[in-house]
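**Student:** Chains as they are written, first to last, in my numbering: chain H, 1 to 217; chain U, 1001 to 1217. Beta carbons: idealized from backbone N, C-alpha and C, even for Gly. In this text the structure is predicted, and so the values were computed from the model without any measurement. Sharing a structure here in structure tokens format.
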DNA sequence: ATAATTTATTAGGCATGCCTAATTTTTTAT
DNA sequence: ATAAAAAATTAGGCATGCCTAATAAATTAT
């Protein structure tokens, strides 16, 4: 059994607060963390007492300014460590998350800033997510066509330009939606098609039109 | 209040097993960790159950092979991270220990080896302690006269050659013993004396003879 | 050898964070 | 609007690791 720190909960709530207009309920947090709603309710009380969140059955959980600050610091550390693990230690894209999940909880006032400097102040992590800056500001995710992503890189679907039923059905079949991660394996020069990998599924070939219809960030 | 993991205990026992022929008692471990002997007794039971140590009131605690392996891995990670913090992130000598104490518990099979490679397979950490190799082997600490240490570096007293009562009394007054860390602040060329700092005490000037009488490693 | 001191151990409790199994509340479907 | 389903909460417990206070055992000093 895993045991979660306050920071884990704050980060989970932060994540949920981005995706959705949906209210952040004990159940949704429990799903995010893979634990029990009853445990979540316990923790929501503690976080409320510490003024890190506000919670109301109707409105769900919301980070206070203090809670947001902490959550963003954790996210900042997480993403910086991911860059470190990939670029400096040579880990693969898929291995870094779990390690960064541990590293994000290392406490030291200067650590994030020193790491940031050491890594050359990267703006995005290897998953394409923006790295919060020292002042807490988070860059708006820069959106490009999937087509423009270089082979070897990964990205996250931010928007879909072609809203035809046929296309959306196709995406659904592939398991692609907003937020889905796509890795560009190869680009085929002669027809502009590309070989991509959706999550951990098999590699597939998609057309140039496909690459132009998806915005990634 | 701090709470200690198994790894913390194993590392403490490992440390104690190096210094001393003295038996490793609950009290000595509690002093090492700054906690309560009663807590230590609790944990010794658990570690014994897991076959990480053997414990006997008479003989004290001893690491089993399994326990030694774990302890050495933790030490390896600790010292590698110290090198990283000092060399790559530019932390000062005195700041790295506490952070490395957190980093040493990050778990990932390849982490130590990747970090080791990234750092160029260093043999010693910034405190002069040898970094255990991937196979668990630990270099015998290379001993030199204190006199030969370059200004700016720190070292740890490994042996004392002059055993005269006068000298030992002098060392005692300075708080210098086996294991004491000394930082060389400056060397005075004309008479071979040196300015040193013992732990966090004030800087003091010691003679050339002093520098020749202490072996550091 | 006995007394005094120090060390080790046990007993009993506290806090944290988890769980399952009720129970209550809210939402959804008929 | 009522019944059924889903979600939130509470109650009661477990495990971990810590503590203090009391007791037992071992060491040291007289």
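When the Cα atoms are used, what is the spatial distance from residue 103 (chain H) to residue 69 (chain H)?
**Tutor:** Near 18 Å, if we compare the C-alpha coordinates of residue 69 (chain H) and residue 103 (chain H).
**Student:** With 8 Å as the threshold, decide whether the Cβ of residue 79 (chain H) is near any Cβ in chain U.
**Tutor:** By this cut-off, residue 79 (chain H) is not an interface position.
**Student:** Which residues in chain H have a C-beta closer than 9 Å to the C-beta of residue 1099 (chain U)? List them in chain order.
**Tutor:** What residue 1099 (chain U) touches in chain H: 106, 107, 108, 111.
**Student:** Is the beta carbon of residue 1016 (chain U) sitting closer than 8 Å to the one on residue 1024 (chain U)?
**Tutor:** Against a cut-off of 8 Å, the Cβ pair of residue 1024 (chain U) and residue 1016 (chain U) comes out as a contact.
**Student:** Look at the alpha carbon of residue 1138 (chain U) and the alpha carbon of residue 1091 (chain U), and state the distance between them as a whole number of angstroms.
**Tutor:** Looking at the two C-alpha atoms, the distance is approximately 25 Å.
**Student:** Are any of the Cβ atoms in chain H nearer than 8 Å to that of residue 1011 (chain U)?
**Tutor:** Chain H contact via Cβ: absent.
**Student:** By the 10 Å Cβ neighbour count, where 16 or more other Cβ atoms means buried, how is residue 1150 (chain U) classified, buried or exposed?
**Tutor:** When all chains shown are included, residue 1150 (chain U) counts as exposed.
**Student:** Do residue 1193 (chain U) and residue 1206 (chain U) have their beta-carbon atoms positioned less than 8 Å apart in this structure?
**Tutor:** For residue 1206 (chain U) and residue 1193 (chain U), yes; Cβs fall inside 8 Å.
**Student:** Is the Cβ-Cβ distance between residue 196 (chain H) and residue 188 (chain H) less than 8 Å?
**Tutor:** Not a contact, by the Cβ cut-off of 8 Å.
**Student:** Would you say residue 92 (chain H) reaches chain U, if we count a Cβ-Cβ gap shorter than 8 Å as a contact?
**Tutor:** By this cut-off, residue 92 (chain H) is not an interface position.
**Student:** I need the straight-line Cα distance from residue 1167 (chain U) to residue 107 (chain H), nearest angstrom please.
**Tutor:** Going by the C-alpha atoms only, they are around 43 Å apart.
**Student:** Taking the alpha-carbon positions, what's the residue 28 (chain H) to residue 105 (chain H) distance?
**Tutor:** About 23 Å.
**Student:** Can you list, in chain order, the residues of its chain whose CB lies under 8 Å from that of residue 1160 (chain U), leaving out five sequence neighbours each side?
**Tutor:** So the list reads 1167, 1168, 1171, 1178, 1213, 1214, 1215, once near-sequence residues are dropped.
**Student:** Rounding to the nearest angstrom, what Cα-Cα distance links residue 1098 (chain U) and residue 1082 (chain U) in this structure?
**Tutor:** Approximately 9 Å between the Cα atoms of the pair.
**Student:** Looking at residue 1063 (chain U) and residue 1055 (chain U), is the spacing between their C-beta atoms short of 8 Å?
**Tutor:** It is not a contact, given that the beta carbons lie outside the stated cut-off.
**Student:** Which partner residues does residue 1130 (chain U) have in the DSSP bridge list?
**Tutor:** Its beta-bridge partners are U:1124.
**Student:** On a CA-only basis, which of H:109, H:145, H:156, H:80 is nearest residue 101 (chain H)? Give me that one, please.
**Tutor:** The shortest C-alpha separation from residue 101 (chain H) is found at H:80.
**Student:** Please confirm if residue 86 (chain H) has its CB atom under 8 Å from at least one CB of chain U.
**Tutor:** Output row for residue 86 (chain H): interface = no.
**Student:** Closer than 8 Å by beta-carbon distance: list the chain H residues that pair up with residue 1114 (chain U), in chain order.
**Tutor:** Under the 8 Å cutoff, chain H gives 89, 90, 91.
**Student:** State the DSSP-derived secondary structure class of residue 1055 (chain U), mapped to helix, strand or coil.
**Tutor:** Residue 1055 (chain U) falls in the strand class under three-state DSSP.
**Student:** So for residue 34 (chain H), helix, strand or coil by DSSP?
**Tutor:** In this structure, residue 34 (chain H) counts as coil in the three-state DSSP scheme.
**Student:** Starting from residue 153 (chain H), follow the beta strand (DSSP E) in both directions and report where the run begins and ends.
**Tutor:** It is not in any beta strand (DSSP E) - residue 153 (chain H) carries neither H nor E in the DSSP assignment.
**Student:** Could you tell me how far apart the beta carbons of residue 71 (chain H) and residue 14 (chain H) are, in whole angstroms, since I believe they sit closer than 8 Å?
**Tutor:** Right, the Cβ-Cβ distance comes to about 4 Å (below 8 Å), so this counts as a contact.
**Student:** If you count every other CB in all the chains shown that lies within 10 Å of the CB of residue 1116 (chain U), and 16 or more means buried, which is it?
**Tutor:** Per the 10 Å Cβ criterion, buried.
**Student:** Going by beta-carbon coordinates alone, are residue 1118 (chain U) and residue 57 (chain H) separated by less than 8 Å?
**Tutor:** Contact flag unset, no.
**Student:** Could you tell me which of U:1209, U:1208, U:1146, U:1186 sits nearest to residue 1180 (chain U), measuring between CA atoms?
**Tutor:** With distances taken between Cα atoms, residue 1180 (chain U) lies closest to U:1146.
**Student:** Alpha carbon to alpha carbon, how far is residue 124 (chain H) from residue 1124 (chain U)? Give it in angstroms, no decimals.
**Tutor:** Cα-Cα distance, rounded: 34 Å.
**Student:** Do the CB positions of residue 1073 (chain U) and residue 1047 (chain U) come within less than 8 Å of each other?
**Tutor:** Contact flag unset, no.
**Student:** Kindly indicate which residue of H:65, H:120, H:129 has the alpha-carbon position closest to the one of residue 51 (chain H).
**Tutor:** If we check each option's Cα against that of residue 51 (chain H), H:65 comes out closest.
**Student:** So, helix, strand or coil for residue 1060 (chain U), using DSSP?
**Tutor:** Reduced to three states, the DSSP call for residue 1060 (chain U) is strand.
**Student:** Can you tell me whether DSSP reads residue 182 (chain H) as helix, strand or coil?
**Tutor:** DSSP places residue 182 (chain H) in strand when its eight states are reduced to three.
**Student:** Do you know offhand how far residue 1002 (chain U)'s Cα is from residue 4 (chain H)'s?
**Tutor:** For residue 1002 (chain U) and residue 4 (chain H), the distance between alpha carbons rounds to 17 Å.
**Student:** On a Cα-Cα basis, can you pick out the residue from H:198, H:75, H:96, H:36 that is closest to residue 132 (chain H)?
**Tutor:** Cα-wise, what sits closest to residue 132 (chain H) is H:75.
**Student:** May I ask which residues mark the beginning and end of the beta strand (DSSP E) holding residue 1216 (chain U)?
**Tutor:** Run containing residue 1216 (chain U): 1214-1216, per the beta strand (DSSP E) assignment.
**Student:** Name, in chain order, the residues that DSSP records as bridge partners for residue 1135 (chain U).
**Tutor:** According to DSSP, residue 1135 (chain U) bridges with nothing at all.
**Student:** Just to confirm my understanding: we take residue 1201 (chain U), look at its own chain, exclude 5 residues before and 5 after, and list those with CB closer than 7 Å. What are they?
**Tutor:** For residue 1201 (chain U), where only same-chain residues beyond five positions count, the Cβ hits under 7 Å are 1175.
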